[in-house]
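**Student:**
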Amino acid sequence: MRLIAPLRATLALGARPRHNPPFDRGESMQKAKINTRVFSGVQPTGNLHLGNYLGAITRFVALQDAHDCLYCVVDLHAITVFQDPEELAKNTREVTAAFIAAGIDPTRHIVFNQSQVSGHAELAWIFNCVARLGWLNRMTQFKEKAGKDRENASAGLYVYPNLMAADILLYHATHVPVGEDQKQHLELARDIAQKFNNDFAKTIAREGYPGGFFPLPEPLITGPATRVMSLRDGTKKMSKSDESDMTRINLTDDADQIAKKIRKAKTDPEPLPSEVKGLESRPEADNLVGIYAGLAETSKEQVLREFGSAPFSKFKEALAELATTRLTPIGAEMRRLMADPVEIDRILNEGARRAHAIADPILAKTKDIVGFIRS
Ligand code: AQP
Numbered sequence: 220m221r222l223i224a225p226l227r228a229t230l231a232l233g234a235r236p237r238h239n240p241p242f243d244r245g246e247s248m249q250k251a252k253i254n255t256r257v258f259s260g261v262q263p264t265g266n267l268h269l270g271n272y273l274g275a276i277t278r279f280v281a282l283q284d285a286h287d288c289l290y291c292v293v294d295l296h297a298i299t300v301f302q303d304p305e306e307l308a309k310n311t312r313e314v315t316a317a318f319i320a321a322g323i324d325p326t327r328h329i330v331f332n333q334s335q336v337s338g339h340a341e342l343a344w345i346f347n348c349v350a351r352l353g354w355l356n357r358m359t360q361f362k363e364k365a366g367k368d369r370e371n372a373s374a375g376l377y378v379y380p381n382l383m384a385a386d387i388l389l390y391h392a393t394h395v396p397v398g399e400d401q402k403q404h405l406e407l408a409r410d411i412a413q414k415f416n417n418d419f420a421k422t423i424a425r426e427g428y429p430g431g432f433f434p435l436p437e438p439l440i441t442g443p444a445t446r447v448m449s450l451r452d453g454t455k456k457m458s459k460s461d462e463s464d465m466t467r468i469n470l471t472d473d474a475d476q477i478a479k480k481i482r483k484a485k486t487d488p489e490p491l492p493s494e495v496k497g498l499e500s501r502p503e504a505d506n507l508v509g510i511y512a513g514l515a516e517t518s519k520e521q522v523l524r525e526f527g528s529a530p531f532s533k534f535k536e537a538l539a540e541l542a543t544t545r546l547t548p549i550g551a552e553m554r555r556l557m558a559d560p561v562e563i564d565r566i567l568n569e570g571a572r573r574a575h576a577i578a579d580p581i582l583a584k585t586k587d588i589v590g591f592i593r594s
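Residues 220 to 594 in my numbering are what the sequence shown lists, from first letter to last.
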């Protein structure tokens, strides 16, 4: 397998970053620590939920043993929709607390909030000038979030994917663990990297990177719960902004709330099938089985081997117990960490300092490539 250039060599900015091997869902990454850098982010927009946990945060935790990781609380993304300033600060600390409570180690890896590293915004501007309007017009998340009131959406919401590309490429990150909903944005980040490398090929080669300056980042969309759906509608994504709290399980919910939400989760009248094929056209059943598999760290097949032909009442009881066992210690630890905001701010500050150390030379070299004079 062809490997990308060792990251440390890349960061010395004397060697060119070769591009990534084909997406391999992470298996080969186990052996390739020095060749990879992982970056991902979560928005501090409140109501952190089971979808964020299973689709993203558990994947972040799993990657830390074999890779260098940066996990970012993306507050610049959050303000693409108006945020109350006090709530934004509280939510930023809450996402940080969730990262740590779930098992991310901020001493071994970098945990920080995006607005403390100004390179994200600077590189995003350059990418605003690289990305094409036609590309942004195809982004389904903008269409969904802006809805019918598109004229009233912020300009930031529209160019959000360019900022996301900057988040990743500012660190020459090679792998990005995300939920299924972010796949299209990751493809755009790759297009931006490729177009930048093409547009500036001459200066990039002159600067000593004949194969391209930015690596093409690979999405890591893994596990049985890459798209957790609403508990009230199996065709809608579980989301922080859903008006009904009954649609999601929050990481801070207590055992009673978790049990109640699972008990009231929408299902259909049939018992569970014994095979995954039997979940087709049964979105709610499929969702609950996926959630169980994600929490139990197993596959849907295995869950159905255990619960096939069981009535939902029995399955929901087992799911509630599993969810409570997995989530309530995280919620308790989040509350404990949140009680000391000074310590959380210290962690973010230290993370930002370390993030700067990686980002600054990459941004400086980007500016040279573009032709900006630096004194
Ligand atoms: N339902 C989900 N299932 C699996 N993964 C999910 N993610 C989000 N929802 C699900 C993943 O969580 C990470 C962080 O997401 P985010 O906070 O940056 O933004 P989002 O995708 O916009 O999250 P929400 O909850 O859906 O917020 P709103 O309601 O504001 O739209 C990402 O990796 C995402 O894929």
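By construction, the Cβ of each residue, glycine as well, lies at the ideal position given by its N, Cα and C atoms.
This one's a predicted model, so the numbers in the text were calculated from it and none came from an experiment.
Please tell me whether residue 343 and residue 385 are closer than 8 Å, where the distance is taken between their beta carbons.
**Tutor:** Numbered from its first residue, the sequence shown carries residue 343 at position 124. Numbered from its first residue, the sequence shown carries residue 385 at position 166. Cβ distance < 8 Å, so residue 343 and residue 385 count as in contact.
**Student:** Among residues of its own chain, excluding the 5 on either side of residue 357, which ones have a beta-carbon nearer than 6 Å to its beta-carbon?
**Tutor:** Position 138 of the sequence shown, counting from 1, holds the residue named residue 357. Here the set comprises nothing.
**Student:** Taking buried to mean at least 16 other C-beta atoms within 10 Å of its own C-beta, is residue 345 buried or exposed?
**Tutor:** The sequence position of residue 345 within the sequence shown is 126, counting from 1. So residue 345 ends up on the buried side.
**Student:** Please report the residue range of the beta strand (DSSP E) in which residue 292 lies.
**Tutor:** As a working note, residue 292 is residue 73 in the sequence shown. From DSSP, the beta strand (DSSP E) with residue 292 extends over 287–292.
**Student:** Grab me the residues of residue 166's own chain with a C-beta within less than 6 Å of its C-beta, minus the 5 sequence neighbours each way, in chain order.
**Tutor:** No information on residue 166 is available, as it lies outside the stretch 220 to 594 that the chain covers here.
**Student:** How far does the beta strand (DSSP E) with residue 394 in it extend, from its first residue to its last?
**Tutor:** If you number the sequence shown from 1, residue 394 lands on position 175. It spans 394–396 - the beta strand (DSSP E) in which residue 394 sits, taken as one unbroken run.
**Student:** Indicate whether the contact test is met: 3 or more Cβ pairs, each with one atom in the region 438–453 and one in the region 505–512, closer than 8 Å.
**Tutor:** Judged by Cβ distances under 8 Å, the region 438–453 makes contact with the region 505–512, as three or more pairs qualify.
**Student:** Going by other Cβ atoms of all chains shown within 10 Å of its Cβ, with 16 needed for buried, is residue 472 buried or exposed?
**Tutor:** As a working mapping, residue 472 is identified with position 253 in the sequence shown. Result: buried.
**Student:** Considering only heavy atoms of the ligand AQP, does any lie closer than 7 Å to the CB of residue 458?
**Tutor:** In the sequence shown, residue 458 corresponds to position 239, counting from 1. Checking every heavy atom of the ligand AQP against the Cβ of residue 458, one is found closer than 7 Å.
**Student:** Beta-carbon separation of residue 556 and residue 563 under 8 Å?
**Tutor:** Taking the first residue of the sequence shown as position 1, residue 556 is located at position 337. Taking the first residue of the sequence shown as position 1, residue 563 is located at position 344. A contact, by the Cβ cut-off of 8 Å.
**Student:** Is there contact here, the region 264–271 with the region 452–472, by at least three beta-carbon pairs under 8 Å?
**Tutor:** As far as the Cβ criterion goes, the region 264–271 touches the region 452–472, which means the pair count is three or higher.
**Student:** Shortest alpha-carbon distance to residue 286 belongs to which of 487, 392 and 568?
**Tutor:** Along the sequence shown, one-based indexing puts residue 286 at 67. Residue 392 is the option with its Cα nearest to residue 286.
**Student:** How many Å lie between residue 366 and residue 378 at the Cα?
**Tutor:** Here residue 366 refers to the residue found at position 147 when the sequence shown is read from its first residue. Here residue 378 refers to the residue found at position 159 when the sequence shown is read from its first residue. One C-alpha to the other measures close to 16 Å.
**Student:** Would residue 278 be called buried (16 or more neighbouring beta carbons within 10 Å of its own) or exposed?
**Tutor:** Residue 278 sits at position 59 when you count from the first residue of the sequence shown. So residue 278 ends up on the buried side.
**Student:** Quick one: what's got a C-beta closer than 6 Å to residue 505's C-beta in the same chain, skipping five residues either side?
**Tutor:** To locate residue 505, count along the sequence shown from 1; it is residue 286. Answer for residue 505: 498, listed in chain order.
**Student:** Going along the chain, which residues of its own chain have a beta-carbon closer than 7 Å to the beta-carbon of residue 354, five neighbours each way excluded?
**Tutor:** Taking the first residue of the sequence shown as 1, we reach residue 354 at position 135. Closer than 7 Å at the Cβ level, and outside the excluded window around residue 354, lie 407 and 410.
**Student:** So, is residue 294 buried or exposed, given that buried needs 16 or more other C-beta atoms within 10 angstroms?
**Tutor:** Counting from 1 along the sequence shown, the entry for residue 294 is found at position 75. Burial call: buried.
**Student:** Relative to the C-alpha of residue 551, which candidate in 324, 500 and 317 has its C-alpha closest?
**Tutor:** Here residue 551 refers to the residue found at position 332 when the sequence shown is read from its first residue. The residue with the shortest Cα to Cα distance from residue 551 is 317.
**Student:** Report the CB separation of residue 567 from residue 534 in whole angstroms; it is logged as a contact under 8 Å.
**Tutor:** As a working mapping, residue 567 is identified with position 348 in the sequence shown. As a working mapping, residue 534 is identified with position 315 in the sequence shown. Residue 567 to residue 534, Cβ: 40 Å. No contact.
**Student:** Can residue 553 and residue 320 be called in contact, C-beta distance under 8 Å?
**Tutor:** Looking up residue 553 in the sequence shown gives position 334. Looking up residue 320 in the sequence shown gives position 101. Going by C-beta atoms, residue 553 is nearer than 8 Å to residue 320.
**Student:** Quick one: is the Cβ of residue 486 within less than 7 Å of any heavy atom of the ligand AQP?
**Tutor:** Numbered from 1 along the sequence shown, position 267 holds the residue referred to as residue 486. Answer for residue 486: no, Cβ out of range of the ligand AQP.
**Student:** Per DSSP, what kind of secondary structure is residue 358 in: helix, strand or coil?
**Tutor:** Taking the first residue of the sequence shown as position 1, residue 358 is located at position 139. If DSSP states are grouped into helix, strand and coil, residue 358 belongs with coil.
**Student:** Using CA coordinates, which residue listed in 487, 494 and 416 is at the minimum distance from residue 532?
**Tutor:** Looking up residue 532 in the sequence shown gives position 313. Residue 487 is the option with its Cα nearest to residue 532.
**Student:** If I measure Cβ to Cβ from residue 422 and keep anything under 6 Å in the same chain, skipping five residues before and after, which residues do I get?
**Tutor:** Looking up residue 422 in the sequence shown gives position 203. The residues are 588.
**Student:** What are the uninterrupted segments assigned as alpha helix (DSSP H) that are 4 or more residues long and contained completely in the region 402–437, given in chain order?
**Tutor:** Those alpha helix (DSSP H) runs which fall completely within the region 402–437 and span 4+ residues are 402–418 and 420–425.
**Student:** If you reduce the DSSP assignment to three classes, tell me which class residue 244 lands in.
**Tutor:** Indexing the sequence shown from 1 puts residue 244 at position 25. Residue placement at residue 244 is flagged as unreliable, the pLDDT there being 33, under the threshold of 50; a coordinate-derived value is accordingly withheld.
**Student:** Need the endpoints of the beta strand (DSSP E) that residue 259 sits in, please.
**Tutor:** The residue you call residue 259 lines up with position 40 of the sequence shown. Looking at the DSSP string, the run of the beta strand (DSSP E) that includes residue 259 is 256–261.
**Student:** For residue 591, is the classification buried or exposed, using 16 other Cβ atoms within 10 angstroms of its Cβ as the cut-off for buried?
**Tutor:** Here residue 591 corresponds to residue number 372 of the sequence shown, with the count starting at 1. With fewer than 16 Cβ atoms within 10 Å of its Cβ, residue 591 is classed as exposed.
**Student:** Does the Cβ of residue 480 have 16 or more other Cβ atoms within 10 Å, making it buried, or fewer, making it exposed?
**Tutor:** As a working note, residue 480 is residue 261 in the sequence shown. Residue 480 comes out buried.
**Student:** How far does the alpha helix (DSSP H) with residue 468 in it reach, from first residue to last?
**Tutor:** Here residue 468 corresponds to residue number 249 of the sequence shown, with the count starting at 1. Premise fails: residue 468 is in no alpha helix (DSSP H) and is neither H nor E.
**Student:** Considering Cα atoms alone, identify which of 529, 476 and 572 is closest to residue 209.
**Tutor:** Nothing can be reported for residue 209, as the shown portion of the chain is limited to 220 through 594.
**Student:** With distance defined between alpha-carbon atoms, name the residue in 502, 542, 594 and 496 nearest to residue 527.
**Tutor:** Reading the sequence shown from its first residue, position 308 is the one you call residue 527. Selected option, being the one with the closest Cα: 496.
**Student:** Regarding residue 394 and the ligand AQP, is the C-beta to nearest heavy atom distance less than 7 Å?
**Tutor:** Walking along the sequence shown from the start, residue 394 turns up at place 175. Checking the Cβ of residue 394 against the ligand AQP gives no.
**Student:** What are the partner residues of residue 591, as DSSP defines its beta bridges?
**Tutor:** Reading the sequence shown from its first residue, position 372 is the one you call residue 591. Paired residue(s): none; residue 591 is not in a bridge.
**Student:** Name the DSSP beta bridge partners of residue 347, please?
**Tutor:** As a working mapping, residue 347 is identified with position 128 in the sequence shown. Its beta-bridge partners do not exist; DSSP assigns none.
**Student:** For residue 268, verify whether its CB is less than 7 Å away from any heavy atom of the ligand AQP.
**Tutor:** Counted from its first residue, the sequence shown places residue 268 at position 49. Yes, Cβ of residue 268 sits closer than 7 Å to a heavy atom of the ligand AQP.
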